[in-house]
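**Student:** My numbering applies: residue -15 is where the sequence shown begins, and numbers increase by one. Ideal Cβ placement from N, Cα and C applies to all residues, glycine included.
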Amino acid sequence: MLDYQYLQQQLSELKRLIFGSKSERFVATEDGQLELFTEVSSITAPLDNDTIEITYKREQYTKPKQQPVRTTLAAHLPRVEETIEPEGLPIGAKKIGEEITELLEYTPSSIYVRKIIRPKYVLPEAQNIVIGSLPSLPILKGNAGAGLLAQILVNKFCYHLPFYRQRQIFKGQGVMLSEATLCGWFNATTRLLAPLYDCLEKQLLQSNYLQIDESPIKVQDFHKTKAKTKRGKGTLHMGYHWVHHAPVEGLVLFKYAPSRSKKVPETILQQYSGTIQTDGYSGYLNLTTKGSIKLLGCMAHARRYFEKALDQDASKASYVLEQIQKLYTIERKSRERDIHSTTRQRYRRRYAVPILRALEIWLQKQALAVLPKSAIGRAIAYTLKLWTKLVAYTDNGIYEIDNNRIENTIRPLALGRKNYLFAGSHKAAQKAAMLYSFFAMCKINNVAPYVWLKDVLERIPEHKANRLTELLPNHWKNFS
């Protein structure tokens, strides 16, 4: 019987993975069903008990027809005026008004050559030759400007266009660029941004609260491929991007590592002291670091187990999901009111803590009444195992109830994997992590990625090393 239930659960999860919705939204069932008709039915029973005549009145609802409203075009867009006079207009006609029609138009992006001319002069007395100073260039002795480099990287890491697709776009504009040229520009740009990335890592590790998650990425490992195949192609290594998010400071750090070993977070967090929030992965437990680290759990991961158990035990799973839904309602209301972290903490202790205490008692009782290997049994066991970490978010108002915010920052990485499939090397994966870090920070700080990167590439060659934090998206100001 237990094997049958297990196979039935596996089949249900497989069907959901292939055909089902990815949403984990839970809608609680109502206590009573709404009446089918708003009017009270009148029932007349004839003498013959075999038949009953039922009559009722119902008002037909007619949805009011709404006229479509056209969205007003953005006021900041430049207007190109075009005046069309009527044909055969007689002399003496007076203008009494005008009709204005606005159309949203598009001109394809243009690529041009920036030609810098620096005249040379000979001084009559000193016999010296003087010439104007060449402005700082992103790539020394290179022929790519900051705007072009910024657009190429934004296209790849924000809009998920691999280099070979961008080559086709440039080819359509009459510009032939080789793959080696694009890769060379990419490598040179990441070398220029490396000090800013190091500055980002130092700033992030000074935060008192971090959210951490990891996401896989396929990487071409040439050492393995050359050893196994003659051509050196076809073997991919599974690496991981370790993502760190400081919600208070608005910082994001992607860090690539070839494995998912416990040694990776120990190395990154060796000097860190503070609170980290993760999922239930055991690699974060008992980290050997020099600082003091407190662990928080993720309520969304616990909720996911119960959501999957709905098909197997709807009553128990629905009860837990309803209680978790109440906790999220408390969080939503606190965000809508935009209250201070101290007030948020008091709000949680007053409303969320009683719900959590009652839920813990219920879970402990149900753990003795369910099969351990069933879906609901695994959900209860997972939740109770991490219970102290799951409820610790109520200790401080700056903590979040789950890790959803960091998972949102990983979405561009997941979309990118579907387009370029894998990274060319371990070094390339780390360079991609650098750019994902910067662009994720642009997103959460409401900064335009292209405008930020173009400005940084123009300024960073001459920028002082001790003031690099000014160029990070959370501190950056557009001076153009």
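Whole angstroms are fine: how far does the CA of residue 431 sit from the CA of residue 171?
**Tutor:** Against the sequence shown, residue 171 aligns to sequence position 187. Against the sequence shown, residue 431 aligns to sequence position 447. The alpha-carbon atoms of residue 171 and residue 431 are separated by roughly 24 Å.
**Student:** Closest to residue 232 by CA distance: which of 440, 429, 350 and 241 is it?
**Tutor:** Numbered from 1 along the sequence shown, position 248 holds the residue referred to as residue 232. Selected option, being the one with the closest Cα: 429.
**Student:** Tell me whether the segment 255 to 269 and the segment 437 to 447 touch, counting them as touching only if at least three CB pairs, one residue from each stretch, are closer than 8 Å.
**Tutor:** no
**Student:** Just checking my contact of residue -8 with residue 434 at CB under 8 Å: how many whole Å lie between their CB atoms?
**Tutor:** To locate residue -8, count along the sequence shown from 1; it is residue 8. To locate residue 434, count along the sequence shown from 1; it is residue 450. That pair is no contact at about 51 Å.
**Student:** For residue 71, which three-state DSSP category applies?
**Tutor:** As a working note, residue 71 is residue 87 in the sequence shown. The answer is coil: DSSP assigns residue 71 none of H, G, I, E or B.
**Student:** Looking at the C-beta of residue 334, does it have a partner C-beta in chain D at a distance below 8 Å?
**Tutor:** The structure shown contains no chain D; it is built from a single protein chain.
**Student:** If you run the structure through DSSP and keep just helix, strand and coil, what is residue 18?
**Tutor:** Position 34 of the sequence shown holds residue 18. In this predicted model, residue 18 has a pLDDT of only 38, less than 50, meaning its place in the structure is not dependable; the value taken from the coordinates is given anyway. Residue state, collapsed to three classes: coil.
**Student:** How far does the beta strand (DSSP E) with residue 221 in it reach, from first residue to last?
**Tutor:** Along the sequence shown, one-based indexing puts residue 221 at 237. Its beta strand (DSSP E) spans residues 220 to 230.
**Student:** Just list the residues that DSSP pairs residue 199 with in beta bridges.
**Tutor:** Here residue 199 is taken as the residue at index 215 of the sequence shown, counted from 1. 225, per the DSSP bridge assignment.
**Student:** Closest by CA to residue 279, which one among 436, 142 and 197?
**Tutor:** One-based indexing of the sequence shown puts residue 279 at position 295. It is 197.
**Student:** Let me know the secondary structure DSSP gives residue 447 once reduced to three states.
**Tutor:** For the purposes of this step, residue 447 is taken as the residue at position 463 of the sequence shown. The answer is coil: DSSP assigns residue 447 none of H, G, I, E or B.
**Student:** Can you tell which of 204, 193, 185 and 190 has the C-alpha that lies nearest to the C-alpha of residue 239?
**Tutor:** Stepping through the sequence shown from its first residue, residue 239 is reached at position 255. Checked all of 204, 193, 185 and 190; the closest Cα to residue 239 is 185.
**Student:** CB residue 293 to CB residue 359, shorter than 8 Å?
**Tutor:** Numbered from 1 along the sequence shown, position 309 holds the residue referred to as residue 293. Numbered from 1 along the sequence shown, position 375 holds the residue referred to as residue 359. Yes, they are a contact pair.
**Student:** Can you look up residue 258 in the DSSP assignment and give me helix, strand or coil?
**Tutor:** As a working note, residue 258 is residue 274 in the sequence shown. In the structure shown, residue 258 sits in a strand (DSSP, three-state: E or B).
**Student:** Quick check on the DSSP output: the alpha helix (DSSP H) that includes residue 138 runs from which residue to which?
**Tutor:** For the purposes of this step, residue 138 is identified with residue 154 of the sequence shown, where counting begins at 1. That run of the alpha helix (DSSP H) goes 130 to 141.
**Student:** Could you check where the alpha helix (DSSP H) with residue 312 kicks off and where it finishes?
**Tutor:** Sequence index remark: in the sequence shown, residue 312 carries index 328 (1-based). 298 to 321 is the extent of the alpha helix (DSSP H) around residue 312.
**Student:** Would you tell me roughly how many angstroms separate the C-alpha atoms of residue 449 and residue 168, rounded to the nearest one?
**Tutor:** Numbered from its first residue, the sequence shown carries residue 449 at position 465. Numbered from its first residue, the sequence shown carries residue 168 at position 184. Approximately 25 Å, taken between the alpha carbons.
**Student:** What residues are listed by DSSP as bridge partners for residue 204?
**Tutor:** Walking along the sequence shown from the start, residue 204 turns up at place 220. In the DSSP output, where bridge partners are listed per residue, residue 204 has 220.
**Student:** Is residue 229 closer than 8 Å to residue 195 when the C-beta atoms are compared?
**Tutor:** Your numbering for residue 195 matches position 211 in the sequence shown. Your numbering for residue 229 matches position 245 in the sequence shown. Cβ distance < 8 Å, so residue 195 and residue 229 count as in contact.
**Student:** When you compare each of 241, 384, 258 and 49 to residue 413 by their alpha carbons, which one comes out closest?
**Tutor:** In the sequence shown, residue 413 corresponds to position 429, counting from 1. Residue 241 is the option with its Cα nearest to residue 413.
**Student:** Could you name the residues of the same chain whose beta carbon sits closer than 6 Å to that of residue 86, not counting the 5 residues immediately before and after it, in chain order?
**Tutor:** Position 102 of the sequence shown, counted from the start, is the residue given in the question as residue 86. Excluding positions up to five away in sequence, the list reads 57.
**Student:** Do you know how far the Cα of residue 340 is from the Cα of residue 138?
**Tutor:** Mapped onto the sequence shown, residue 138 falls at position 154. Mapped onto the sequence shown, residue 340 falls at position 356. Cα to Cα, the separation comes out at about 44 Å.
**Student:** For residue 329, I'd like the list of residues in its chain whose CB is within less than 8 Å of its CB, leaving aside the five on either flank, ordered along the chain.
**Tutor:** What you label residue 329 is simply residue 345 of the sequence shown in a count that begins at 1. Answer for residue 329: 378, 379, 380 and 381, listed in chain order.
**Student:** So, at 6 Å on beta carbons, what are the nonlocal neighbours of residue 408 in its own chain, with the 5 sequence-adjacent residues on each side left out?
**Tutor:** Taking the sequence shown and counting its residues from 1, the one referred to as residue 408 is at position 424. Correct list, in chain order: 204.
**Student:** Looking at C-alpha atoms only, which residue of 274, 237, 269 and 246 is the closest neighbour of residue 254?
**Tutor:** On the sequence shown, position 270 is the one that residue 254 refers to. Nearest option by C-alpha distance: 274.
**Student:** Hey, how far is the Cα of residue 83 from the Cα of residue 132?
**Tutor:** The residue you call residue 83 lines up with position 99 of the sequence shown. The residue you call residue 132 lines up with position 148 of the sequence shown. Each residue's Cα considered, the two are about 40 Å apart.
**Student:** Under the assumption that residue 421 contacts residue 161 (Cβ atoms under 8 Å), give the Cβ distance between them as a whole number of angstroms.
**Tutor:** In the sequence shown, the residue the question calls residue 421 occupies position 437. In the sequence shown, the residue the question calls residue 161 occupies position 177. No, residue 421 and residue 161 are not in contact; Cβ-Cβ is about 26 Å, not under 8 Å.
**Student:** Alpha carbons only, please: which of 376, 331 and 188 is nearest the one belonging to residue 252?
**Tutor:** Translated into positions along the sequence shown, residue 252 becomes position 268. Taking only the C-alpha atoms, the option nearest residue 252 is 188.
**Student:** Sorted by chain position, which residues of the same chain lie with C-beta nearer than 7 Å to residue 22's C-beta, five sequence neighbours on each side aside?
**Tutor:** In the sequence shown, the residue the question calls residue 22 occupies position 38. The pLDDT assigned to residue 22 is 40, lower than 50, so where the model puts this residue is not dependable; a value taken from the coordinates is nonetheless given after this. Hits under 7 Å: none found.
**Student:** Just the Cα atoms here: how many angstroms apart are residue 144 and residue 318?
**Tutor:** Taking the sequence shown and counting its residues from 1, one reaches residue 144 at position 160. Taking the sequence shown and counting its residues from 1, one reaches residue 318 at position 334. Residue 144 and residue 318: Cα-Cα distance of roughly 35 Å.
**Student:** Among the candidates 121, 48, 165 and 105, whose CA atom is the shortest distance from the CA of residue 114?
**Tutor:** Numbered from its first residue, the sequence shown carries residue 114 at position 130. Out of 121, 48, 165 and 105, 105 has the C-alpha closest to the C-alpha of residue 114.
**Student:** Going along the chain, which residues of its own chain have a beta-carbon closer than 6 Å to the beta-carbon of residue 276, five neighbours each way excluded?
**Tutor:** Numbered from its first residue, the sequence shown carries residue 276 at position 292. Hits under 6 Å: 257.
**Student:** Give the single residue among 110, 179, 224 and 128 whose Cα lies nearest to the Cα of residue 410.
**Tutor:** Taking the first residue of the sequence shown as 1, we reach residue 410 at position 426. Checked all of 110, 179, 224 and 128; the closest Cα to residue 410 is 224.
**Student:** I need the DSSP call for residue 238, collapsed to helix, strand or coil.
**Tutor:** For the purposes of this step, residue 238 is taken as the residue at position 254 of the sequence shown. Correct three-state label for residue 238: strand.
**Student:** Leaving out the 5 sequence neighbours to the left and right, which residues in its chain are closer than 8 Å to residue 373 when beta-carbon positions are compared?
**Tutor:** Walking along the sequence shown from the start, residue 373 turns up at place 389. Within the same chain, residue 373 has close Cβ partners 279, 280 and 281.
**Student:** List the endpoints of the continuous alpha helix (DSSP H) containing residue 289.
**Tutor:** Reading the sequence shown from its first residue, position 305 is the one you call residue 289. Run containing residue 289: 283 to 292, per the alpha helix (DSSP H) assignment.
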